[in-house]
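Peer 1: In my numbering, the protein residues as written are -12 to 515. Sharing a structure here in structure tokens format.
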Amino acid sequence: MPQLIDQYGNPLRRELLTRDVAAPTLMGVRQPQSGYPGDGLTPLRLAEILRQADIGEVLAYFELAEQIEERDLHYSGVLSARKRAVSQIDVTVEAASDDAEDVRRADMVREWLKRDELTEETFDILDAVGKGVSFTEIVWDTSEGQWYPKRLERRDPRFFKPDRDGSTFLLRGGIEGNGQEEPLPAFKFIELRIKAKSGLPVRSGIARLAAWNWMFKAFTLRDWAVFTQTYGQPIRVGRYHPGASEEDRNTLYRAVANIAGDCAAIIPQGMEMDFIEAKNIGPGSDLYEKRADWLDRQMSKAVLGQTNTTDAQAGGIGSSQAQVHNDVREDIETADCKALSAALNRDLVRPWCDLEFGPPGAGRGYPRVVIARPRKEDLQQLSASLAQLVPLGLRVQQSEIRDKFGLSEPDRDADVLRPPSVEAGALPALPAPPSQDRITLQSRQTPSHPAAQIADRMARNAEQAMEDILGTIEAMMASASDMSELRGMITSAFGEIDSSLLADAIEDGMVAAHAAGRSDLEDESKGR
């Protein structure tokens, strides 16, 4: 078998395909514990984290991206909505051609995609939406003598490091987790890249754009909390008389300090307590809320491309503008679907077929995974159009029509559906208007010669028998999709077509012809 290589030219190492090579280690550099660079984040510290990521030190950047998802509820919500929108779409598989082998390979992939874990796995693969890149390890199974993707394991992006040019990622710590960075083993990882902007992978993720927004929002929420704590309750001022003792003053102070939380206090007689409320509590609080909402709307634009589905104000947007917003979101969803489909085809489907069947020969292609929201297509109208156009000679691939209806290629011994005429054994003849020949035959005068009368009667019987048979064949032609299917229908129904009338007509004709000949001979012998 020829040496297999991946898209980067790395040779295949079969001994690595059935084991985990990027799992976390307790003693190596791929530690499961993560740092928290977002604690006390300042503009200078954030700028330093981003600069370090640009030169290949991405550890702190990926840790910060994880923290933003955990601490910003709005960012987590819109990012999760974008990923789940794609992970819930049904996945279809297109065969490379109608060739039986290509169809069999496509069915193999279709069967694997029926796994219940697929939705969760695709959600994890789409972690690239936020971080710009994601890595999913494929653990292959050969227990039954064939190659099979047993499971897909999400791997922490912290375990990978870009090379010097920043475009290719290496496995941090090597395969054993204790050495130097190594290239990713061939046929072992699904690497998905989704760009919010052009540039290096670590600079093209949404987390890069969201980091500054999240930091400013954190400052706003902190200041809002301080403002609420300071001015949310009235200022308490206690007054004591000049002759108050030290103990009296301490008692008054404790009462002033605790009354906000306890809502009750006692003070000596003659002392006073006033509650002074700030006049700008409402406007000050609104300022923080408006700033936090504005920052959330910017986050929605970065993640979803619009704000209508997350931040719309009642009555503040028209239906036409809402449709524009929805179209923008559909464009982003379509781009995500195409990126995910390309990654699965490149890193999973093609390696699988190469491992299982070897490199394809001339004219042989690969099955193609397609992730796309079904377009609103009138399948009933499509069926009606095909029923009219195919008999006229329109050539249509069966695999393409099966894919539109979500149907797989039937197995060789499967019990398949057939046209009702073939399945039930009673092939109905389509009603047809009487032919011109029949009208002429019925309207003409009855012949006077006995032989002509016999021939006329035989023609009538034969015409009726042939009309029934031709009607049955017309019904087959209307329901068959191509000539091969029509041939199969006629062959399978040959013994069920009622030809008794035609056989009787031929038999009667032979007897009548023999009798007419004898009658003519007898007349001639008598001189008639």
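A virtual CB, placed ideally from N, CA and C, is assigned to each residue, including glycine.
In three-state DSSP terms, what is residue 243?
Peer 2: Helix, per DSSP.
Peer 1: Between which two residues does the beta strand (DSSP E) harbouring residue 158 extend?
Peer 2: Looking at the DSSP string, the run of the beta strand (DSSP E) that includes residue 158 is 156 to 158.
Peer 1: Taking only the alpha-carbon atoms, compute the straight-line gap between residue 426 and residue 464 and give it to the nearest angstrom.
Peer 2: Because the pLDDT of residue 426 is 43, which lies under 50, any placement of that residue in the model is unreliable, and the number read from its coordinates should be weighed accordingly. Roughly 25 Å between the two C-alpha positions.
Peer 1: Could you pull out every residue in the same chain whose Cβ sits closer than 8 Å to the Cβ of residue 516, ignoring the five residues on either side in sequence?
Peer 2: Because the chain spans -12 through 515 in this model, residue 516 falls outside it and cannot be assessed.
Peer 1: Using only alpha-carbon positions, find the residue among 132, 33, 459 and 506 that is nearest to residue 342.
Peer 2: Cα-wise, what sits closest to residue 342 is 132.
Peer 1: Could you tell me which of 198, 347 and 278 sits nearest to residue 30, measuring between CA atoms?
Peer 2: Ranking 198, 347 and 278 by Cα distance to residue 30 puts 198 first.
Peer 1: Going along the chain, which unbroken runs of the alpha helix (DSSP H) with 4 or more residues stay wholly within the region -8 to 40?
Peer 2: Listed in chain order, there is nothing to give.
Peer 1: Distance, Cα to Cα, residue 203 vs residue 18?
Peer 2: Roughly 30 Å between the two C-alpha positions.
Peer 1: Tell me whether residue 27 is buried or exposed, calling it buried when 16 or more other Cβ atoms sit within 10 Å of its Cβ.
Peer 2: It counts as exposed.
Peer 1: Just tell me which of 207, 374 and 478 has its CA closest to the CA of residue 277.
Peer 2: Here the closest residue by C-alpha is 207.
Peer 1: Please report the straight-line C-alpha distance between residue 347 and residue 89, rounded to a whole angstrom.
Peer 2: Approximately 10 Å, taken between the alpha carbons.
Peer 1: In the DSSP assignment, find the alpha helix (DSSP H) that holds residue 116 and state where it starts and stops.
Peer 2: From DSSP, the alpha helix (DSSP H) with residue 116 extends over 115 to 118.
Peer 1: Relative to the alpha-carbon of residue -3, which residue among 155, 237 and 58 has its alpha-carbon at the smallest distance?
Peer 2: Ranking the options by Cα distance to residue -3, first place goes to 155.
Peer 1: Spatial neighbours of residue 335 within its chain, please: CB distance less than 7 Å, with the 5 preceding and 5 following residues excluded, ordered by chain position.
Peer 2: Once the five neighbours on either side are set aside, the close Cβ partners of residue 335 are 125, 136 and 177.
Peer 1: Which of the three DSSP states, helix, strand or coil, is assigned to residue 174?
Peer 2: Here residue 174 sits in coil by DSSP.
Peer 1: Spatial neighbours of residue 229 within its chain, please: CB distance less than 6 Å, with the 5 preceding and 5 following residues excluded, ordered by chain position.
Peer 2: Answer for residue 229: no residue qualifies.
Peer 1: Given residue 175, which residues of its chain have a CB within under 7 Å of its CB, disregarding the five upstream and five downstream residues?
Peer 2: So the list reads 3, 4, 8, 124 and 125, once near-sequence residues are dropped.
Peer 1: Under the DSSP definition of a beta bridge, which residues are partnered with residue 128?
Peer 2: 135, per the DSSP bridge assignment.
Peer 1: How would you write the range of the beta strand (DSSP E) that residue 148 sits in, first residue to last?
Peer 2: First-last of the beta strand (DSSP E) with residue 148: 147 to 149.
Peer 1: For residue 122, which residues does DSSP report across the bridge?
Peer 2: For residue 122, which the question treats as bridged, DSSP gives the partners 142 and 178.
Peer 1: In angstroms, rounded to a whole number, what distance separates the CA positions of residue 35 and residue 111?
Peer 2: Residue 35 and residue 111: Cα-Cα distance of roughly 28 Å.
Peer 1: Could you check the C-alpha separation between residue 243 and residue 272 for me, to the nearest Å?
Peer 2: About 25 Å.
Peer 1: Where does the unbroken beta strand (DSSP E) through residue 561 begin, and where does it stop?
Peer 2: Limits of the chain in this structure are -12 at one end and 515 at the other, which puts residue 561 out of reach.
Peer 1: Within the continuous beta strand (DSSP E) that includes residue 79, where are the two ends?
Peer 2: From DSSP, the beta strand (DSSP E) with residue 79 extends over 78 to 81.
Peer 1: Could you spell out where the beta strand (DSSP E) holding residue 356 opens and where it closes?
Peer 2: Note, residue 356: beta strand (DSSP E), 355 to 358.
Peer 1: Are residue 70 and residue 116 closer than 8 Å when you measure CB to CB?
Peer 2: Closer than 8 Å, so yes.
Peer 1: The alpha helix (DSSP H) spanning residue 594 covers which residue range?
Peer 2: For the chain, the structure presents residues -12 to 515; residue 594 sits outside this window and is missing.
Peer 1: Restricting to Cα atoms, I'd like to know which of 152, 274 and 159 is closest to residue 212.
Peer 2: That would be 274, whose Cα lies nearest to the Cα of residue 212.
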